[in-house]
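Reading through the C-alpha cells given below for one structure.
Chains as they are written, first to last, in this note's numbering: chain A, 11 to 310; chain B, 1058 to 1264.
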C-alpha cells in the first residue's frame, strides 16, 4: 500500500512540468488562484491551474532579475521605435510587474500607471518579484475599463500604452471590444503608441485582429513563430517593417541588453501583411462572445 | 385543461425571461462598471430584492378579483418594462458613472435603475399564477410545487440558452428585444385565451 502510494507520487512528479517546479506560495483570490513556483532558476507566477497544467503568467530569473524571461514581454518594447522617450506610460495587467519595472528602469523620469484588477496579484508581485511602487510608478487596483473611462473624463493622456490583461484561460470580454479600444485611443496622446499582447490561436484571432483594425484604422503584427503575437498601432501614421528596421538601426542601444532584447530583433519580427481574415466580425459591447469564440478552431 | 396549460406556459416564459435578463445584466454593465465581483453583487442583489417585493405584491394582487385577463396585462407590462434596457441604458449608466465615483455604489444604482421595475413585475407572476390555478386548499401545495418547478426550469433554460448560445448568435439588444417580444406575445396570448377559454379562477372562499 505504502509502496503503491510512493510510486503514485513519483509518477505524479514525473508527469509534472519538465523542470519540477516547487510551489512556494499559493493565494486564492476572487478572480483566480495565484500560485508562485520556483524551478531552481526561475520564480514564476501562475494562474488558473487545470489539473497539473498551469498557465505561466510571469517569470523572473533568480540570478538575473532584469532579464525579461518571456519573448512577448521583450516585444512589448516595440513602441520604443515609435516613441523612444515615453513620458506617460500605462500598463494594463500587472503579472509579476516585469514590463512596468523595465519602463521604470529605462525611463526614470517617466510617469507609469499600472492597472491590475486583482489585489492578490499586486501582493504577490511585491512579495516575490521585487515589484515596488514609488512616486513615478503607480499601481491602481481597478477594472481597466473603469480606469480608462475615468482617465478619459479627466482628459489624461498617455504616450505609450501596453495592454496585457488576459490570463490565458479567460478573456475579460469587455476588454476586447471596439468601444473599449476607442476609449483607449481617446487617452492615447497624438503620436502615442499602443502595444497589445494577444495569444489567440483559435477563430478569435481573426475577430480580435479585425476589432483592433476597425478601432485604429491599421495595425501591424509583431509576431514570433512560437505563437506570440503583439499588435502594434496607435495615433500615428502606419509604419512598415522597413521603417521599423531603419528606426532600430538609429535607436538601438546597449541599455536594452540587460533586459534581453534589441530593437533590431523586435523590428525583424514586424510583419506588414495582414494574416487574418479581414472580413471577420468586429467584436463590440453588443457582440462580445470572446471566450466562446476562443474555444473554437476553424471548421468547427 | 387548456387553461392550466396556458398558465404553466406563461410561468415558464416568465422564469426564462427573468434569468436571461439577469445573465445579460453583467454584459450590459461591464462597459461602465467593469466585470469585478461587485458588479455581479449589485445585479444579484437588485434581482433578489425586486423579486421578493414582486412575490409580496403578487400575493396581494391575487386577492382582488384575479383573472387571466389581468395576468395577460401583467405580461404586456413586463415586455414594455424591458425596453429601457435597450434605449435608456447608455445615458442612464453614463449619468451614474459621472455622478458616483465609487463603482460599487454606481453599479448598484445603475442596476436598480435598469432592472428593478421589470423584475418586480416578473416577480408578481408566480404567486399570481398559483392563485389562478388553485381551486382547493387540499391541492394548493401541489399546484404551487408544479408552478415553481415550471418557472425555475424555465429560469435554468434562460441562463443556459443566453450564456451558451444567444450571446454567440445575436447582439445584446437583439436578445433583449426578443425577450420583450416574448413577454408581450405571452400577454396577448393570455388575453386571447381569456376570451376564448374564459376565466376559471376559483371564486374567493366563503368565510
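Backbone N, C-alpha and C fix where the C-beta goes; we use that ideal spot for every residue, glycine too.
With a threshold of 8 Å between beta carbons, is residue 1088(B) in contact with chain A? On the second chain, position 31 is the one that residue 1088(B) refers to. Yes, its Cβ sits closer than 8 Å to a Cβ of chain A.
Here's the rule I'm using: 16 or more other beta-carbon atoms within 10 Å means buried, otherwise exposed. How should residue 321(A) be labelled? Beyond the ends of chain A as shown, which are 11 and 310, falls residue 321(A); an answer cannot be given.
Confirm, please, whether the CB-CB distance from residue 269(A) to residue 76(A) is below 8 Å. As a working note, residue 76(A) is residue 66 in the first chain. As a working note, residue 269(A) is residue 259 in the first chain. Between residue 76(A) and residue 269(A), the C-beta spacing is below 8 Å.
Could you confirm whether any beta carbon from chain B is found closer than 8 Å to the beta carbon of residue 297(A)? Within the first chain, numbered from 1, the residue matching residue 297(A) stands at position 287. At a cut-off of 8 Å between beta-carbon atoms, residue 297(A) makes contact with chain B.
Check the C-beta distance from residue 1211(B) over to residue 1059(B) and give it rounded, since I have them as a contact under 8 Å. As a first step, residue 1211(B) must be located in the second chain, where it is residue number 154. As a first step, residue 1059(B) must be located in the second chain, where it is residue number 2. 19 Å between Cβ atoms; not a contact.
Just to confirm, is the Cβ distance from residue 81(A) to residue 234(A) under 8 Å? As a working mapping, residue 81(A) is identified with position 71 in the first chain. As a working mapping, residue 234(A) is identified with position 224 in the first chain. It is a contact, given that the beta carbons lie within the stated cut-off.
Would you mind telling me which residues of chain A sit closer than 9 Å to residue 1094(B), beta carbon to beta carbon, in chain order? Walking along the second chain from the start, residue 1094(B) turns up at place 37. Residue 1094(B) reaches chain A at 40 and 41, counting residues in chain order whose Cβ is nearer than 9 Å.
In angstroms, rounded to a whole number, what distance separates the CA positions of residue 131(A) and residue 1072(B)? Mapped onto the first chain, residue 131(A) falls at position 121. Mapped onto the second chain, residue 1072(B) falls at position 15. Rounded to the nearest angstrom, the two C-alpha atoms are 39 Å apart.
For the candidate residues 144(A), 173(A), 297(A) and 51(A), whose alpha-carbon lies nearest to that of residue 104(A)? As a first step, residue 104(A) is located in the first chain; it is residue number 94 there, counting from the start. Considering only 144(A), 173(A), 297(A) and 51(A), the residue with the shortest C-alpha distance to residue 104(A) is 173(A).
Pairing CB atoms from the stretch 1172-1184 of chain B with CB atoms from the stretch 1106-1120 of chain B, are three or more of them under 8 Å? The stretch 1106-1120 of chain B and the stretch 1172-1184 of chain B touch, with three or more beta-carbon pairs separated by less than 8 Å.
In terms of residue numbering, what span does the beta strand (DSSP E) encompassing residue 38(A) cover? Position 28 of the first chain, counting from 1, holds the residue named residue 38(A). Run containing residue 38(A): 32-38, per the beta strand (DSSP E) assignment.
Determine the direct distance from the alpha carbon of residue 1251(B) to that of residue 1153(B), and round the result to whole angstroms. By one-based count along the second chain, residue 1153(B) stands at place 96. By one-based count along the second chain, residue 1251(B) stands at place 194. Each residue's alpha carbon lies about 42 Å from the other.
With a threshold of 8 Å between beta carbons, is residue 1296(B) in contact with chain A? With chain B represented from 1058 up to 1264, any question about residue 1296(B) goes unanswered, as that position is not in the structure.
Closer than 7 Å: is that where the CB of residue 1176(B) sits relative to any heavy atom of the ligand HEM? As far as ligands go, the structure on display features none, and thus does not contain the ligand HEM.
Short CB-CB distance (under 8 Å) between residue 1098(B) and chain A: Position 41 of the second chain, counting from 1, holds the residue named residue 1098(B). It does not; no Cβ of chain A falls within 8 Å.
Are the stretch 1137-1157 of chain B and the stretch 1202-1218 of chain B touching, with three or more C-beta to C-beta distances below 8 Å? Taking 8 Å as the limit for Cβ pairs, the verdict is that the stretch 1202-1218 of chain B does not touch the stretch 1137-1157 of chain B.
At what residue ranges does the stretch 123-154 of chain A contain a whole run of the beta strand (DSSP E), taking only runs of 3 or more? Counting whole runs of 3 or more residues, the stretch 123-154 of chain A contains the beta strand (DSSP E) stretches 147-151.
Taking the alpha-carbon of residue 311(A) as reference, which of 39(A), 167(A), 138(A) and 294(A) has the nearest alpha-carbon? Residue 311(A) is absent from the structure shown; chain A starts at 11 and stops at 310.
According to DSSP, residue 68(A) sits in a beta bridge with which residue or residues? Against the first chain, residue 68(A) aligns to sequence position 58. Per the DSSP secondary-structure output, residue 68(A) pairs in a beta bridge with 55(A).
I want to verify the contact list: residues of chain A whose CB lies under 8 Å from the CB of residue 1228(B), in sequence order. As a working mapping, residue 1228(B) is identified with position 171 in the second chain. The contact set of residue 1228(B) on chain A, defined by CB atoms closer than 8 Å, consists of 294, 296 and 297 in chain order.
If contacts are defined as beta-carbon pairs under 8 Å, then residue 1068(B) and residue 1207(B) qualify, I think. What distance do you get, rounded to the angstrom? In the second chain, the residue the question calls residue 1068(B) occupies position 11. In the second chain, the residue the question calls residue 1207(B) occupies position 150. Yes, they are in contact, since the Cβ atoms of residue 1068(B) and residue 1207(B) sit about 5 Å apart, within 8 Å.
By Cβ distance, which residues of its chain are closer than 7 Å to residue 166(A), with the 5 residues on each side in sequence left out? For the purposes of this step, residue 166(A) is identified with residue 156 of the first chain, where counting begins at 1. Shown here for residue 166(A): same chain residues with a beta carbon closer than 7 Å to its own, the five before and five after excluded, namely 197 in chain order.
When Cβ atoms are compared, which residues of the stretch 178-193 of chain A fall closer than 8 Å to chain B? So the close ones are 182, 183, 184, 187, 189 and 190.
Taking Cβ-Cβ distances below 8 Å as the criterion, which residues of the stretch 164-178 of chain A are in contact with chain B? Listed by position, the residues of the stretch 164-178 of chain A near chain B (Cβ gap below 8 Å) amount to none.
Counting C-beta neighbours from all protein chains within 10 Å, is the total for residue 153(A) 16 or more, i.e. buried, or is it exposed? Working through the first chain from its first residue, we reach residue 153(A) at position 143. Buried, because 16 or more other Cβ atoms sit within 10 Å of the Cβ of residue 153(A).
Name, please, each residue of chain B whose Cβ falls closer than 8 Å to the Cβ of residue 262(A). In the first chain, the residue the question calls residue 262(A) occupies position 252. Using a Cβ-Cβ cut-off of 8 Å, residue 262(A) is close to nothing in chain B; its nearest Cβ partner there is about 39 Å away.
Using alpha carbons as the reference points, say which of 262(A), 53(A) and 292(A) lies closest to residue 134(A). In the first chain, the residue the question calls residue 134(A) occupies position 124. Of the listed residues, the one whose Cα sits closest to residue 134(A) is 53(A).
The beta strand (DSSP E) with residue 111(A) in it runs from where to where? For the purposes of this step, residue 111(A) is taken as residue 101 along the first chain, with counting starting at 1. Per DSSP, residue 111(A) lies in no beta strand (DSSP E) segment; the continuous alpha helix (DSSP H) that holds it begins and ends at 108-116.
For residue 51(A), count neighbouring C-beta atoms within 10 Å of its own C-beta (all shown protein chains included) and say buried if the count is 16 or more, exposed if not. Locating residue 51(A) in the first chain gives position 41, where the first residue counts as 1. Exposed is the call here.
Residues of chain A with a CB under 7 Å from the CB of residue 1160(B): which are they? By one-based count along the second chain, residue 1160(B) stands at place 103. Correct list: 156.
Measure from the alpha carbon of residue 276(A) to the alpha carbon of each residue in 295(A), 205(A) and 44(A), then state which is nearest. The residue you call residue 276(A) lines up with position 266 of the first chain. Each of 295(A), 205(A) and 44(A) was checked against the Cα of residue 276(A), and the nearest Cα belongs to 205(A).
State the DSSP-derived secondary structure class of residue 297(A), mapped to helix, strand or coil. By one-based count along the first chain, residue 297(A) stands at place 287. Residue 297(A): coil per DSSP, three-state reduction.
Excluding the five sequence neighbours on either side, which residues of its own chain have a C-beta within less than 6 Å of the C-beta of residue 183(A), listed in chain order? Along the first chain, one-based indexing puts residue 183(A) at 173. Counting only Cβ-Cβ distances below 6 Å, and skipping sequence neighbours, we find 298 and 300.
Using beta carbons (cut-off 8 Å, strictly below), is residue 1154(B) in contact with chain A? One-based indexing of the second chain puts residue 1154(B) at position 97. At least one beta carbon of chain A lies nearer than 8 Å to the beta carbon of residue 1154(B).
Nearest neighbour of residue 242(A), chosen from 146(A), 214(A), 191(A) and 262(A) [CA to CA]: Along the first chain, read from residue 1 onward, the residue named residue 242(A) stands at position 232. Closest option to residue 242(A), judged by alpha-carbon separation, among 146(A), 214(A), 191(A) and 262(A): 191(A).
Check the Cβ of residue 1091(B) against every Cβ in chain A and list those closer than 8 Å, keeping chain order. Stepping through the second chain from its first residue, residue 1091(B) is reached at position 34. By Cβ distance, chain A contributes 127, 152, 153, 154, 155, 156 and 184.
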